[in-house]
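Peer 1: Submitted below is the structure of interest, expressed as structure tokens.
Chains as they are written, first to last, in my numbering: chain A, 290 to 821; chain B, 5 to 321.
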């Protein structure tokens, strides 16, 4: 009997030893969102939605490279291994798809799935058309005119006009499984509960507004990105104090966006504070309508020289990157602008004096601000700080405070619209991850509202020519050169009051290991492990 | 009694209709665009118009109201813009969650409120009265958002006794009546109970003081009734008013406190309402307000009926 017990124990020991060590723990994340982002593929809740429910459960044809922390992310092949344009017709793009990729439900990813997914967003009468995903995805791919299957692993997309920024647009579009949707009675509601993508994570449990659990998908096509954790748990904790308390009490291991005043005490308590430059811009978008003082480049430059960005950094416990341009310093599109955004109130006063103003006889104007909002950092104290700086050199600012959603509507309406209340600027934060959202949409003449979001009604034929060049330059290196020229013009002509970039802080338990914070709105959770 | 009951129930219909018109209009006249939260900020005008048409926001307000009311009467409160989930399911789920903590808060608030109120009323002017009155004043005047944070700092962060937020380890779908789950209710329920506790304590104190001054009390004592017997009569006289006050408080609690539920990330009606306002999710906002208003109306009727049953004078009014 004893012998039998010993034999069984040994056998059990051998069996256990033979199993691969995969148990790397559970990571629980407190998100700033108040709900679990849409799980069907095209997520809601902006960058955070894509971060947690887009690039985890799904892939795009083109993905962002989220593996490096030391340089701005760029695009890499995802479900497409390559993409090329027709030599004679630059509107025709061919995407060659990765073979052998399986959705979580076991069905194969093919060209039919790509067309089916584009139809779910763009074709109102398609059976799989989903208005919630369409609301999110349609405006991300404005260039797409038509598309068709060429063969099982090739898709053609035709753009409305030649547009070299298409890959950036396509990186927004997540591929959901047509087979799973069919299997679930063609219901997106049912799909939301048991979604199927091709991504490194699978949704295994989901309680709206409360919790989502994701487990690794062992069959993920990119073996280097198969998650090491056992489980990833997402918890909506919209209130900053509640998030910090959850971290401190051990309820979660990771919180998004701790408020700056909490950071020193979290650090003291042993939590990791991870920050990095990311494509974000906190700016005053200036009106160029008739009568706006910002039509005078001397005043624009003076404002940019008057802001004490290092002082502002101190106010934010160091959690910002002082702007040297519209893009963060070191970004591949930064170029070499000749106008330096330093703190030089004397130079600012001199420029204002040339324009006929002084602290005794100041420029007086009104700026729209919101008390809170996505990406707005700490808008009230930050704006008051800038207001004080500008007052010292002779620019007197009155604020009109409006609610964030109202500000978005004003932004869409344009500086000459009555809703802008004769303000000559607005404090707004920008997602600047790709050429269109980063640069083109703000200043192209034909994107003035209501056609687009060129709120300031800026129009410069020279700038328009550069934008057209971006769209017509299909060589990546050459396109980067054009983007640098555009950025130099942004800075040299001080087209915005460029103040700061956020650093996307997150606080992590000391147990969290292996996280690499990419300079991107999206992140990769695959390499993370949890220490015992 | 039957005619009294019928009158109270009939009274609900015009109130319900009024409430539904009011909450429909209220959310429509508020500034902002309901599609702001679901469309990317730079969505083109064409996309905005298309989505407005798909969601039906391009129709005249009376048509939108008619369609909404017709569906609401059939129990369909529409679909949340932000999540695409049925509003009715969202609201009932949140009501269930709020009921959990509101129920516990009611019990705590009612028991302690009555206790403090009776003690203060019975021993007017004593140290006990002063202490109980001070607690009652604190209860109604302390900022609950702040109190919630203090509770979290003390009991979750410092002592590590109770979880700081959420609705249970696995979400409320897997809700069980075990310590692991119930522990999540305690801090929000105690924070929530402080308001009714204070109000009931003050009401009961005034009632007891008033009743003790009435002539029937010396008469009862003259009849040889012991203290406990007198106390029973005092309770019986105080109960209808205390119940009415508690009923109203329960109505408020069911509305959920946006602040308390946000501090504790408790996915109840207050949390839902906060999200709906923040996301400008009109169908969710309308549905939540309507259901809460109906709860409030229903509770008022229920309290009226219970009062009528307990006190014949109420029925004759």
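Don't be surprised by glycine CBs; every beta carbon is placed ideally from N, CA and C.
Nearest to residue 796(A) by alpha carbon, out of 507(A), 444(A), 804(A)?
Peer 2: Comparing Cα-Cα distances from residue 796(A) to each of 507(A), 444(A), 804(A), the minimum goes to 804(A).
Peer 1: Report the neighbours of residue 63(B) on chain A: residues whose CB is nearer than 7 Å to its CB, in chain order.
Peer 2: Residues of chain A passing the Cβ test: none, with the nearest at roughly 16 Å.
Peer 1: What do you get for residue 744(A), buried or exposed, if any count of 16 or more other CB atoms within 10 angstroms of its CB means buried?
Peer 2: Under this definition residue 744(A) is a buried residue.
Peer 1: Is the shortest distance between the beta-carbon of residue 291(B) and the beta-carbons of chain A less than 8 Å?
Peer 2: Cβ-Cβ to chain A under 8 Å: no for residue 291(B).
Peer 1: What is the DSSP secondary structure of residue 214(B), counted as helix, strand or coil?
Peer 2: Looking at residue 214(B) - three-state DSSP - the assignment turns out to be helix.
Peer 1: If distances are taken between C-alpha atoms only, which option among 594(A), 665(A), 659(A), 605(A) comes closest to residue 638(A)?
Peer 2: Residue 638(A) has its Cα closest to that of 594(A), out of 594(A), 665(A), 659(A), 605(A).
Peer 1: Thinking just about the alpha-carbon of each residue, which of 798(A), 759(A), 533(A) is nearest to the one in residue 730(A)?
Peer 2: Nearest option by C-alpha distance: 759(A).
Peer 1: Classify residue 262(B) as helix, strand or coil using the three-state DSSP reduction.
Peer 2: Residue state, collapsed to three classes: helix.
Peer 1: Thinking C-beta only, is residue 532(A) closer than 8 Å to residue 523(A)?
Peer 2: Contact: no.
Peer 1: Measure the Cβ-Cβ separation of residue 331(A) and residue 434(A) and say whether it is below 8 Å.
Peer 2: Cβ distance not < 8 Å, so residue 331(A) and residue 434(A) don't count as in contact.
Peer 1: Which residues, in chain order, does the segment 66-87 of chain B contribute to contact with chain A at a C-beta distance below 8 Å?
Peer 2: Answer in chain order: 86, 87.
Peer 1: So what does DSSP say about residue 188(B), is it helix, strand or coil?
Peer 2: Residue 188(B) falls in the helix class under three-state DSSP.
Peer 1: Can you check whether the C-beta of residue 816(A) is within less than 8 Å of a C-beta belonging to chain B?
Peer 2: No, its Cβ sits nowhere closer than 8 Å to a Cβ of chain B.
Peer 1: Could you check whether residue 659(A) and residue 670(A) sit closer than 8 Å to each other, using their CB atoms as the reference points?
Peer 2: No, the pair does not count as a contact, with Cβ atoms beyond the cut-off.
Peer 1: Show which residues of chain A have a CB atom less than 9 Å away from the CB atom of residue 49(B).
Peer 2: The contacting residues are 701, 738, 739, 740, 741.
Peer 1: Counting C-beta neighbours from all protein chains within 10 Å, is the total for residue 499(A) 16 or more, i.e. buried, or is it exposed?
Peer 2: Counting Cβ neighbours within 10 Å, residue 499(A) comes out buried, since at least 16 surround it.
Peer 1: Check distances from the C-beta atoms of the segment 497-513 of chain A to those of chain B and list, in chain order, the residues that come in under 7 Å.
Peer 2: Those residues of the segment 497-513 of chain A that come within reach of chain B (Cβ to Cβ, closer than 7 Å) are 497, 498, 499, 500.
Peer 1: Please report how far the alpha carbon of residue 64(B) lies from the alpha carbon of residue 588(A), in whole angstroms.
Peer 2: About 47 Å.
Peer 1: Find the residues of chain A that neighbour residue 92(B), judging by a C-beta separation of less than 9 Å, and give them in chain order.
Peer 2: Those do not exist, as residue 92(B) stays about 14 Å from chain A at its closest Cβ, beyond 9 Å.
Peer 1: Go ahead and label residue 30(B) buried or exposed: buried means 16 or more other beta carbons lie within 10 angstroms of its beta carbon, across all protein chains shown.
Peer 2: Exposed.
Peer 1: Using Cβ-Cβ distances below 8 Å, what residues of the segment 684-709 of chain A are close to chain B?
Peer 2: Residues 692, 694, 695, 697, 698, 700, 701.
Peer 1: Mind checking the segment 360-376 of chain A against chain B and listing, in chain order, the residues whose C-beta falls within less than 8 Å of any C-beta there?
Peer 2: Here the close residues number zero.
Peer 1: Per the contact definition of three or more C-beta pairs closer than 8 Å, is the segment 449-461 of chain A in contact with the segment 707-726 of chain A?
Peer 2: Yes, they touch.
Peer 1: Tell me, please, whether the CB atom of residue 524(A) is closer than 8 Å to any CB atom in chain B?
Peer 2: It does: the Cβ of residue 524(A) has a partner Cβ on chain B nearer than 8 Å.
Peer 1: Between the segment 559-574 of chain A and the segment 786-801 of chain A, do at least 3 Cβ pairs fall closer than 8 Å?
Peer 2: Enough Cβ pairs lie closer than 8 Å, so yes.
Peer 1: Give a yes or no on whether the C-beta atoms belonging to residue 692(A) and residue 712(A) are separated by under 8 Å.
Peer 2: No, the pair does not count as a contact, with Cβ atoms beyond the cut-off.
Peer 1: For residue 90(B), which three-state DSSP category applies?
Peer 2: Residue 90(B): strand per DSSP, three-state reduction.
Peer 1: Between the segment 767-783 of chain A and the segment 528-544 of chain A, do at least 3 Cβ pairs fall closer than 8 Å?
Peer 2: Contact fails: fewer than three Cβ-Cβ distances are below 8 Å.
Peer 1: If you count every other CB in all the chains shown that lies within 10 Å of the CB of residue 57(B), and 16 or more means buried, which is it?
Peer 2: Classification for residue 57(B): exposed.
Peer 1: Let me know the alpha helix (DSSP H) ranges lying completely inside the segment 665-713 of chain A, each 4 residues or longer, listed in chain order.
Peer 2: Within the segment 665-713 of chain A, the complete alpha helix (DSSP H) runs of at least 4 residues are 668-682, 693-702.
Peer 1: Counting only C-beta atoms, is residue 137(B) closer than 8 Å to chain A at any point?
Peer 2: So no, residue 137(B) is outside the interface.
Peer 1: Which bits of chain B does residue 431(A) rub up against, with CB to CB less than 7 Å?
Peer 2: Per Cβ cutoff of 7 Å: 48.
Peer 1: Looking at the structure shown, is residue 350(A) part of a helix, part of a strand, or coil, going by DSSP?
Peer 2: Residue 350(A): coil per DSSP, three-state reduction.
Peer 1: Going by C-alpha to C-alpha distance, which of 143(B), 236(B), 243(B), 234(B) sits closest to residue 194(B)?
Peer 2: Among 143(B), 236(B), 243(B), 234(B), the Cα nearest to that of residue 194(B) belongs to 143(B).
Peer 1: I'd like to confirm the pairing. Which residues does DSSP put opposite residue 543(A) in its beta bridges?
Peer 2: Answer by DSSP bridge pairing, in chain order: 318(A), 797(A).
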